[in-house]
Every structure is written in C-alpha cells, then in structure tokens.
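Visitor: Position one of the sequence shown corresponds to residue 1 (full-length UniProt numbering), numbered consecutively onward.
Take a look at the following structure, please.
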Amino acid sequence: MIASIGPDSVLTKNSDTEIPSVLIHEIIDGKPLYRKGYREVLAKTKNVEDIMGSSSLQAFLITYLTIWIGKQIDDSKYTILTNEAGLHIDKGNNLAGDLLIFDNQVFGIEKINKKYADVAPKISIEVDIDIALEGEFSQNAYISIKTKKLLEFGAEKVIWFLTESKKVMIATADTDWQIYNWNYDVEILDGITCNVGEYLKEKGSEFA
1 MIASIGPDSV
11 LTKNSDTEIP
21 SVLIHEIIDG
31 KPLYRKGYRE
41 VLAKTKNVED
51 IMGSSSLQAF
61 LITYLTIWIG
71 KQIDDSKYTI
81 LTNEAGLHID
91 KGNNLAGDLL
101 IFDNQVFGIE
111 KINKKYADVA
121 PKISIEVDID
131 IALEGEFSQN
141 AYISIKTKKL
151 LEFGAEKVIW
161 FLTESKKVMI
171 ATADTDWQIY
181 NWNYDVEILD
191 GITCNVGEYL
201 KEKGSEFA
C-alpha cells in the first residue's frame with residue numbers, strides 16, 4: 001500500500017535526492033514517512049520487494065485478530081478493512097491501517113471503491129510500526145501523533161499491539177490512554193475481546 005497520492009517521487013528535505021513514492025508508507029502533516037528499510041533500497045543493497053512485507057509474527061497476529069473479530073462481529077453493522085487499508089484524513093494526512101472497523105451507517109457499500117476510505121473508522125488496530133523511525137519520529141512520538149490524528153478524525157478507539165515490548169496500548173478520546181502487558185483481555189467493541197499473549201501461549205510461541 002502506498003500512502004502517497006501525488007507524483008511518482010518526492011524530494012527529501014534539504015536534499016535533491018528523489019525517493020520513489022512506493023517507499024512512502026504514510027503522510028502526516030504533509031511529511032512523507034518512509035518504509036522500514038528504504039535507505040537500503042536507495043543504497044541498492046535491497047530491492048523494494050525486500051521491504052514491502054510484514055514479519056511473520058506481525059502477519060500472524062493481524063491474521064489472528066482479523067479472523068477472531070470477524071467470527072464474532074455483526075457484519076450487518078460493521079465492515080472490517082485490513083491489508084494496510086488506506087485512510088485519507090485530509091490533504092496532508094494519508095494513513096495506513098492494519099485493521100480498521102467501520103460503522104456501516106457511515107461507511108456503506110457505496111463507499112467501497114478504488115480510493116482511500118475518507119471517513120473515520122470506529123476502531124483502529126495497529127500491530128507494530130512499519131515506518132523508518134528517524135528525525136522527530138521516535139517510536140513513542142509516532143504512536144502518539146498517529147493515534148491523535150485518528151482520534152481527532154473521529155475514531156472511537158485506537159489499539160496498538162507491540163511485539164518488541166509485548167505491550168498493548170488502548171486510546172480513546174475521552175479517557176487517559178492505557179498501556180498493559182499483552183496478556184490482557186482487550187475489548188475491541190460490543191463485548192468482543194481478544195488476548196494476544198494468551199493466544200500466542202496457546203500456540204506454543206516463544207513470543208508469548
């Protein structure tokens with residue numbers, strides 16, 4: 001998924017180096033955020049294809065969450081989008097979502113097209129970080145600004161699962177953001193809960 005809807009390449013700040021838009025993962029406040037490993041692609045030590053995929057752990061958890069929630073959710077009320085679903089907030093902000101849950105009353109079938117979704121998801125779920133952390137974007141800064149953008153856009157809840165720290169962060173607009181160990185029962189919506197740590201333990205994963 002490419003979060004750029006502009007030209008085929010952009011100029012880096014303070015540089016005349018052109019970076020192909022395929023290496024852009026998201027755009028926040030007009031600033032392109034590049035995929036992990038993009039510098040290796042520019043240095044020709046990796047191909048674009050080498051950095052496009054998720055880790056097997058990240059993909060495993062996204063698949064688990066999608067199937068688990070999908071089995072229980074009322075699809076007459078909600079629509080699930082996954083696979084780095086594009087989300088267009090405004091001219092300077094294009095985000096990618098690992099798993100987005102939309103209310104069908106605001107995101108009906110007529111909204112399903114070849115463009116990015118332009119309405120807020122009810123729930124946004126992220127598993128790990130896919131951008132190169134550099135400049136002003138530390139891990140915490142990136143999580144914070146992306147979460148704020150989603151909540152300000154109208155998302156009711158943003159959930160982050162982080163494999164390195166084995167933590168889950170839950171953010172809503174009207175309460176303090178909470179961080180737990182990821183063997184915590186997380187309510188997604190309408191009484192649907194998941195427990196990533198317990199799921200990995202049941203499967204015998206070393207990452208439980």
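We put the beta carbon where it would ideally sit given N, CA and C, even for glycine.
Taking only the alpha-carbon atoms, compute the straight-line gap between methionine 169 and valine 186 and give it to the nearest angstrom.
Guide: If you take the alpha carbons of methionine 169 and valine 186, they lie about 10 Å apart.
Visitor: For lysine 13, collect the residues of the same chain with a Cβ closer than 7 Å to its Cβ; drop the 5 residues on either side in sequence, then sort them by chain order.
Guide: Because the pLDDT at lysine 13 is just 42, under 50, the model does not fix this residue reliably, and the point stays unresolved.
Visitor: If I measure Cβ to Cβ from arginine 35 and keep anything under 6 Å in the same chain, skipping five residues before and after, which residues do I get?
Guide: The residues are Leu23, His25 and Ile51.
Visitor: Would valine 196 and leucine 100 qualify as a contact pair, given that the criterion is a beta-carbon distance under 8 Å?
Guide: Against a cut-off of 8 Å, the Cβ pair of leucine 100 and valine 196 comes out as no contact.
Visitor: With glutamine 72 as the anchor, note down where its beta strand (DSSP E) starts and where it stops.
Guide: Premise fails: glutamine 72 lies in the alpha helix (DSSP H), 56-72, not in any beta strand (DSSP E).
Visitor: Going by DSSP, which residues form a beta bridge with aspartate 90?
Guide: According to DSSP, which records beta bridges pairwise, aspartate 90 is partnered with Asn93.
Visitor: Could you pull the start and end residues of the beta strand (DSSP E) that alanine 181 belongs to?
Guide: Here residue 181 is asparagine; the residue named in the question, alanine, does not match the sequence. Note, asparagine 181: beta strand (DSSP E), 178-181.
Visitor: Any idea if alanine 43 is buried or exposed, counting beta-carbon neighbours within 10 angstroms, 16 or more meaning buried?
Guide: With fewer than 16 other Cβ atoms within 10 Å, it is exposed.
Visitor: Leaving aside the five residues before and after alanine 120 along the sequence, list all residues of the same chain whose C-beta is less than 7 Å from its C-beta, in chain order.
Guide: Closer than 7 Å at Cβ, skipping near neighbours: Phe153, Gly154 and Ala155.
Visitor: With H, G and I counted as helix, E and B as strand and the rest as coil, what does DSSP make of glutamate 206?
Guide: The answer is coil: DSSP assigns glutamate 206 none of H, G, I, E or B.
Visitor: Tell me, to the nearest whole angstrom, how far the beta carbon of leucine 57 is from that of phenylalanine 207; I am working on the premise that it is less than 8 Å.
Guide: With 8 Å as the limit, leucine 57 and phenylalanine 207 qualify as a contact, their Cβ atoms being about 6 Å apart.
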